[in-house]
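There are 2 protein chains.
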Amino acid sequence: MPDQDSIAPAAPLARRLDGVSSSAIRDLLAITQRPDIISLAGGLPDPSLMPADRISTVVAEALSERTTLQYTATVGTTPLRETIAARAGAHPDAVVVTHGSQQALSLLSQVLLDAPGEGGSDVVVEDPAYTGALQCFDLIGARLHRVPLTADGLDTDALEGMLAAGLRPTVVHTVSTFHNPGGVTLSPRRRRHLADLAERYGFWMIEDNPYADLWYDTPPPAALATYSDRVISLGSTSKILAPTLRVGWMIAPEPVRAAVELVKQSADLCGSTLTQTVAARLLADDGWLEEHLTGLRRVYGERARALSAALAERIPRLSTTHPDGGMFVWGTFTDGTTTSDLLERAVDEGVAFVPGAAFGPAHRSSLRVCFATADPRTLTEGVDRLARAVDASAVR
Amino acid sequence: MPDQDSIAPAAPLARRLDGVSSSAIRDLLAITQRPDIISLAGGLPDPSLMPADRISTVVAEALSERTTLQYTATVGTTPLRETIAARAGAHPDAVVVTHGSQQALSLLSQVLLDAPGEGGSDVVVEDPAYTGALQCFDLIGARLHRVPLTADGLDTDALEGMLAAGLRPTVVHTVSTFHNPGGVTLSPRRRRHLADLAERYGFWMIEDNPYADLWYDTPPPAALATYSDRVISLGSTSKILAPTLRVGWMIAPEPVRAAVELVKQSADLCGSTLTQTVAARLLADDGWLEEHLTGLRRVYGERARALSAALAERIPRLSTTHPDGGMFVWGTFTDGTTTSDLLERAVDEGVAFVPGAAFGPAHRSSLRVCFATADPRTLTEGVDRLARAVDASAVR
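Chains H and C, in that order, give the protein sequences.
Following our numbering, the numbering of the first sequence begins with 7 at its first residue and continues without gaps.
Following our numbering, the numbering of the second sequence begins with 7 at its first residue and continues without gaps.
Below is the structure:
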């Protein structure tokens, strides 16, 4: 038998993996799979709102073409690239279909960032940040610089200060619209400011944008790509059609796109012709898609309002965002409550959330709640349970 | 507009990408998509032999469960892991489902190999080698060491000599069974020898094994994993069910498996619940699967024999392998013909193959032909055209 040392992962990777896994929170959240727990911890869309019958019908049609069974191009099928480009006002050649937008983040990290042994790269992330992006940047060994998120999104004035002080990032990553976990949206003024900074200091913006179609009352501001050529835009079908398709995409200028294609070829040869065909047909069916999205917007909007109202009424010490779209509310206790401690008590009461520390070390008094998979009555019950956990913590 | 320099990929990656792309051959092979060309160049299975109706039925059934639409575990669905483990005689916990076995190669490269700036790693590959593996190892910047392939597979005596001379590889990669492109199979004696060397010198064997089920008359030797614990086994549904499922897998000992899971989480979160459900149901249906595989074996066996016979009769100067399974014949001209030159003339005659140089610099007089997608009559016609190209080259 080989001994443990000799079969461990390569040492530099092992060091980086240490930073990637945050097992304490993960272990606690594993408990939240129990049926008696109302989990507001997940970041999942609601499967009961996904178009199962329509996907099934399109699969049957698509499989009558034998090419649907075969490998496809590394950059994705032509109909899907054309459909994505048309929706984004881009050229189809600029589109690379990816295995969810997570793969786009992973490929971009490999293409744009230098490994530590090669000098390393500086990356600006939001604080709090999307954990999937943090994982990719951590894995490549990038130096992370956190810029606060405010009610108007990434604080571009704070970023400007860091740039003026000498920071030269390769990439600024932003979930510009209906932020995960922050629940906020980058304002048009700040989009312009960020684009100006990118031109001045020569960095890439990665606009990670899976929630933009999930607005409740009014559409979000125009995408960052309308302000600058220095934007790599990421999108996904996971939140609007179904995660099982594993269809995301990147829209990127040519030298980056070409490098991403080569790295993707090595990463997995190509995506699934079948699920890309399904995605293309559903996204191209304007009438059906609009009706489907209208339904999602109505249901998620109701849930967001129910959650916000319950939190405001039952836990006044929690200051929360009031999202205009997406799937998340971010809350911060004004009394310094440590949310990783609160989670234990909350699980005892039968409700779960994600402690803020999962999204950045500064957020020990914050939490993320996802309202996407629960109806208003369940959300209200979940908040009642959370309020009991908060009250019990205060009493102790 | 950003200038070209500032938007180029990170410099160290750009250097490595130079080695990864072999554009001259790729450009020439792009021509072979023309309908008047008989392409023996592709490495694709025949879509007319794939179970489209069966997949369509299983998709419809699977989508009636809402969980099929959702994200799944990073390591894959439990039914699929159990089915793969049962077929391989392994424990389900050791299985990681990947996006084709190409993703397994990519993840293993990241987990096992150090980047050049971190000291780098030595990797042994077969000569000729599977290009998808070469791409992964090149991209991470590994130092490649080529060991000749003979009629009995990887020449383990040659490897032993290199090890005795001081080589200490981290990984030895082998397509042990029905080699791509070599068409040969590692003999039981050499499997034992390779396993002994792995124990003695402490390297990992990656057994890349997508073709093992495609034997024609008799099953191949027992897998490398039956000889040693130092084996990471890769498999795939692409050659036996359909590439569109994008379902491959890795079976690996625990420290490697756990590291692969973390890297895969960053790479793409998880695979498709839908296509994994389809793969699980088809692989677990023993009676159906055996009948389906019997059909594939019969058809591919007929094609292999037709191609071999035609090559032997029409191009006696080409010494070829005579595969017992898989999809490829490897041929070497005994008169020093340069196959990249021959390809141009072959395309003029209406037939294409892959020149040996694509698989290693030593193989300028070799070529790979894939017989999987053409019937015996077409194969014979393709060989006639190739023979005319060879004759024309000789005359010049």
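A virtual CB, placed ideally from N, CA and C, is assigned to each residue, including glycine.
Handout entry: Short CB-CB distance (under 8 Å) between THR345(C) and chain H
Key = no
Practice task
At 4 residues or longer, and completely inside the stretch 261-321 of chain C: list those alpha helix (DSSP H) runs for me, N to C.
Solution key: 279-290, 292-320
Handout entry: Between the CA atoms of ALA395(C) and GLY342(C) - distance to the nearest angstrom
Key = 15 Å
Practice task
Using a Cβ-Cβ cut-off of 8 Å, state whether ARG252(H) counts as contacting chain C.
Solution key: yes
Handout entry: chain H within 8 Å of CYS376(C), Cβ atoms only
Key = Cβ-Cβ to chain H under 8 Å: no for CYS376(C).
Exercise for the section: Excluding the 5 residues preceding and the 5 following VAL360(H) in the sequence, name in chain order all residues of the same chain whose CB lies nearer than 6 Å to its CB. Expected result: ALA47, ARG374
Practice task
Closer than 8 Å by beta-carbon distance: list the chain H residues that pair up with PRO53(C), in chain order.
Solution key: Going along chain H in sequence order, the residues near PRO53(C) (Cβ under 8 Å) are ARG72, THR73, LEU75, GLN76.
Practice task
Using three-state DSSP, classify ALA364(C) as helix, strand or coil.
Solution key: helix
Handout entry: Span of the alpha helix (DSSP H) around LEU150(C)
Key = Counting along the chain, LEU150(C) sits inside no alpha helix (DSSP H); it lies in the beta strand (DSSP E) bounded by residues 149-156.
Problem - Span separating the alpha-carbon of MET333(H) from that of GLU308(H) - result: 11 Å
Exercise for the section: Could you check what DSSP says for GLY126(C) in three-state terms: helix, strand or coil? Expected result: coil
Problem - Element boundaries [alpha helix (DSSP H), containing ARG198(C)] - result: 194-207
Handout entry: Contact under 8 Å by Cβ, LEU280(H) with LEU289(H)
Key = no
Problem - Rounded C-alpha distance that separates GLY4(C) from VAL178(C) - result: Residue coverage of chain C in this structure runs from 7 to 402, which leaves residue 4(C) outside it and unanswerable.
Handout entry: Buried versus exposed call for ASP163(H) [16 or more other C-beta atoms within 10 Å across all chains shown]
Key = exposed
Exercise for the section: Using a Cβ-Cβ cut-off of 8 Å, state whether HIS199(H) counts as contacting chain C. Expected result: Using a Cβ-Cβ cut-off of 8 Å, HIS199(H) does not count as an interface residue toward chain C, since no Cβ of chain C sits closer than that to its own.
Problem - Minimum Cβ-Cβ distance from LEU313(H) to chain C less than 8 Å - result: It does not: the Cβ of LEU313(H) has no partner Cβ on chain C nearer than 8 Å.
Exercise for the section: Please go through the same chain and pick out, in chain order, the residues whose beta-carbon is closer than 6 Å to the beta-carbon of GLY25(H), but skip the five residues on each side of it. Expected result: A caution first: GLY25(H) carries a pLDDT of 47, below 50, which makes its placement in the model unreliable, though a value can still be read off. Here the set comprises ASP144.
Handout entry: Within chain C, the residues that ALA100(H) reaches when beta carbons sit closer than 9 Å
Key = Residues of chain C passing the Cβ test: none, with the nearest at roughly 13 Å.
Practice task
Rank HIS369(H), VAL130(H), THR379(H), THR386(H) by C-alpha distance to the C-alpha of THR73(C) and give the top, closest one.
Solution key: THR379(H)
Handout entry: Where ALA148(C) meets chain H, residues with beta-carbon distance less than 9 Å
Key = Going along chain H, no residue has its Cβ under 9 Å from ALA148(C), so there is no contact; the nearest lies around 11 Å.
Problem - Cutoff 6 Å; reference LEU113(H); Cβ partners in own chain excluding five residues on either side - result: Here the set comprises VAL266, VAL269, LYS270.
Handout entry: Option nearest ASP202(H) by Cα separation, candidates PRO187(H), ARG236(H), GLY293(H)
Key = Ranking the options by Cα distance to ASP202(H), first place goes to ARG236(H).
Handout entry: Cα-Cα separation, HIS97(H) to MET256(C)
Key = 37 Å
Practice task
With distances taken Cα to Cα, identify the nearest neighbour of GLY125(C) among HIS369(C), ARG149(C), GLY138(C).
Solution key: ARG149(C)
Problem - Secondary structure, beta strand (DSSP E): runs of 3+ residues fully inside the stretch 339-397 of chain C - result: 372-376
Practice task
Reducing DSSP to helix, strand and coil, say where GLY106(C) ends up.
Solution key: helix
Problem - Identity of the residues DSSP links to VAL335(H) by a beta bridge - result: VAL375(H)
Problem - Cutoff 8 Å: GLY123(C) Cβ touching any chain H Cβ - result: yes
Exercise for the section: Return the CA-CA distance between THR243(C) and VAL389(H), expressed in angstroms with no decimal places. Expected result: Rounded to whole angstroms, THR243(C) and VAL389(H) show a C-alpha spacing of 46 Å.
Practice task
With distances taken Cα to Cα, identify the nearest neighbour of SER127(C) among SER115(C), SER371(C), THR78(C), GLU67(C).
Solution key: SER115(C)
Practice task
Determine the direct distance from the alpha carbon of LEU385(H) to that of ARG311(H), and round the result to whole angstroms.
Solution key: 10 Å
Problem - Run of the beta strand (DSSP E) containing GLU213(H), from where it starts to where it stops - result: 210-214
Problem - GLY337(C), buried or exposed, once every other Cβ within 10 Å from all chains shown has been counted against 16 - result: buried
Practice task
Can you tell me which of the three DSSP states GLY138(C) falls into?
Solution key: helix
Handout entry: Of the listed residues TYR222(H), GLY188(H), ASP59(H), nearest to VAL131(H) (C-alpha basis)
Key = Distances from the alpha-carbon of VAL131(H) to those of TYR222(H), GLY188(H), ASP59(H) put GLY188(H) closest.
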